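Read through the structure below, which is laid out as structure tokens, and then see the notes.
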Amino acid sequence: MLKEPFQLINEQILLLNSWNNSKLITGFTTKNGGLSESPFSSFNLGLHVNDDAQTVATNRNKLSELIDFPTSRWACSDQVHENKVVKVTNKMAGSGVYDYQNSIKSTDGVYTTETNILLALCFADCVPLYFYEPKKEIVGIAHAGWKGTVKNIVGEMVHKWTKDENVDPANIKAAIGPSIGPCCYVVDDHVIHFVNDVLQGEHKPYSKVSAGQYALDLKQLNLQLMVASGILKENIDVSHYCTSCSESLFFSHRRDKGKTGRMVSFIGKKESIS
Ligand SMILES: [Zn+2]
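With UniProt numbering, letter number 104 in the sequence shown gets 104, and the count goes up by one each step, no holes.
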């Protein structure tokens, strides 16, 4: 098995080591080392899950300290399982950090060309997708549950970068973060119908487990969509972590039956501190 690209660096954070340097930080949080109480124990970063808002704010401040990225420079979205991708500008810094109402509206994909903007999205099983173009220094992330995946949010991101930013997809690096694996993600014919509609390759990223029930590999499907959009396979890192199996590390919407916290995926360019 290939080396896991996301490495735990402390109780709260995994970093995508191969991309990180003094100017770029890319990672994913765990459920540990925060102040929230059950069922959000303990490092819940979701404002929209009925946890105590002040506690979530304290947890967000903790993440800000740990990654040395002020919350005034974060950009958070109101995620709706669609495929809209928005370019984040400096005036959007601070969106949705403490008040969900001023989140970037109805947006599951964000990218920026700016320095000192941290893009942050919330997760509990859905697939975090990371994008980075080192030549033009563009960074992006997307939230893909089955709906965002079959609506091809991957293709939307790559299309925007190609059309609006003049990027060659062959220069894009991508990563697929910790999310629910086929070991724990069974779906029905309704979902598989949409999966078949978006499939580009021959390889079906699901297997039948019983009548009308299928184990679906959303990471594999997003990987196929990345390749179909022109990203080179050798430029894509895929995490092995299943958020449902790794109960000691992650919240899982499915395993925890909907009452749980949220992890955050983040990416941002920093000015070099050296
Ligand atoms: Zn699993």
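The beta carbon of each residue, even a glycine, is placed where N, CA and C say it ideally should be.
All figures in this text were calculated on a predicted structure; none of them were measured in a lab.
{"Asked": "Can you determine whether any heavy atom of ligand 1 sits closer than 7 Å to the C-beta of residue 140, and answer yes or no?", "Found": "no"}
{"Asked": "Using the C-alpha atoms, what's the distance from residue 149 back to residue 184?", "Found": "17 Å"}
{"Asked": "Alpha carbon to alpha carbon, how far is residue 158 from residue 119?", "Found": "17 Å"}
{"Asked": "On the three-state DSSP scale, how would you describe residue 200?", "Found": "coil"}
{"Asked": "Go through its chain and collect everything with a Cβ distance to residue 151's Cβ below 6 Å, but skip five positions before and after it.", "Found": "83"}
{"Asked": "Which residues does DSSP list as the beta-bridge partners of residue 74?", "Found": "118"}
{"Asked": "For the segment 165-185 against the segment 124-134, do three or more pairs of beta-carbon atoms, one drawn from each stretch, fall closer than 8 Å, so that the two count as touching?", "Found": "yes"}
{"Asked": "Would you list, in sequence order, the uninterrupted alpha helix (DSSP H) runs of no fewer than 4 residues that lie entirely inside the segment 37-108?", "Found": "53-67"}
{"Asked": "With the cut-off set at 8 Å, would you say residue 31 and residue 249 are in Cβ contact?", "Found": "yes"}
{"Asked": "Which class does residue 29 belong to by DSSP, given the choice of helix, strand or coil?", "Found": "strand"}
{"Asked": "So residue 153 is in the alpha helix (DSSP H); what residue range does that whole segment cover?", "Found": "153-165"}
{"Asked": "Residue 73 and residue 116 - do their beta-carbons sit closer together than 8 Å?", "Found": "yes"}
{"Asked": "Is the segment 192-208 close to the segment 246-260, with three or more CB pairs under 8 Å?", "Found": "no"}
{"Asked": "State the Cα-Cα distance for the pair residue 27 and residue 70, rounded to the nearest angstrom.", "Found": "16 Å"}
{"Asked": "Just to confirm my understanding: we take residue 237, look at its own chain, exclude 5 residues before and 5 after, and list those with CB closer than 6 Å. What are they?", "Found": "5, 175"}
{"Asked": "Does the Cβ-Cβ distance between residue 269 and residue 23 come in under 8 Å?", "Found": "yes"}
{"Asked": "Is residue 249 helix, strand or coil when you go by DSSP?", "Found": "coil"}
{"Asked": "Looking only at its own chain, which residues have a Cβ that is under 6 Å from the Cβ of residue 48, when we skip the five neighbours before and after it?", "Found": "100"}
{"Asked": "Is it the case that the CB of residue 145 approaches a heavy atom of ligand 1 more closely than 7 Å?", "Found": "no"}
{"Asked": "When DSSP labels each residue in this structure, what does residue 225 get in the three-state scheme?", "Found": "helix"}
{"Asked": "Quick check on this structure: which residue in 7, 50, 15, 247 has the alpha carbon closest to the alpha carbon of residue 259?", "Found": "50"}
{"Asked": "Taking just the CA atoms, how far does residue 18 sit from residue 169?", "Found": "19 Å"}
{"Asked": "Would residue 263 be called buried (16 or more neighbouring beta carbons within 10 Å of its own) or exposed?", "Found": "buried"}
{"Asked": "Nearest by alpha-carbon distance to residue 140: which of 199, 2, 77, 10 is it?", "Found": "77"}
{"Asked": "So, helix, strand or coil for residue 260, using DSSP?", "Found": "coil"}
{"Asked": "Here's a check: name, in chain order, each residue in its chain whose Cβ is nearer than 8 Å to the Cβ of residue 274, leaving out the five neighbours to either side.", "Found": "Confidence in residue 274 is poor, its pLDDT being 38 and thus under 50, which makes the residue's placement too unreliable to answer from."}
{"Asked": "Quick check: is any heavy atom of ligand 1 less than 7 Å from the C-beta of residue 179?", "Found": "no"}
{"Asked": "To the nearest angstrom, how far is it from the Cα of residue 9 to the Cα of residue 190?", "Found": "40 Å"}
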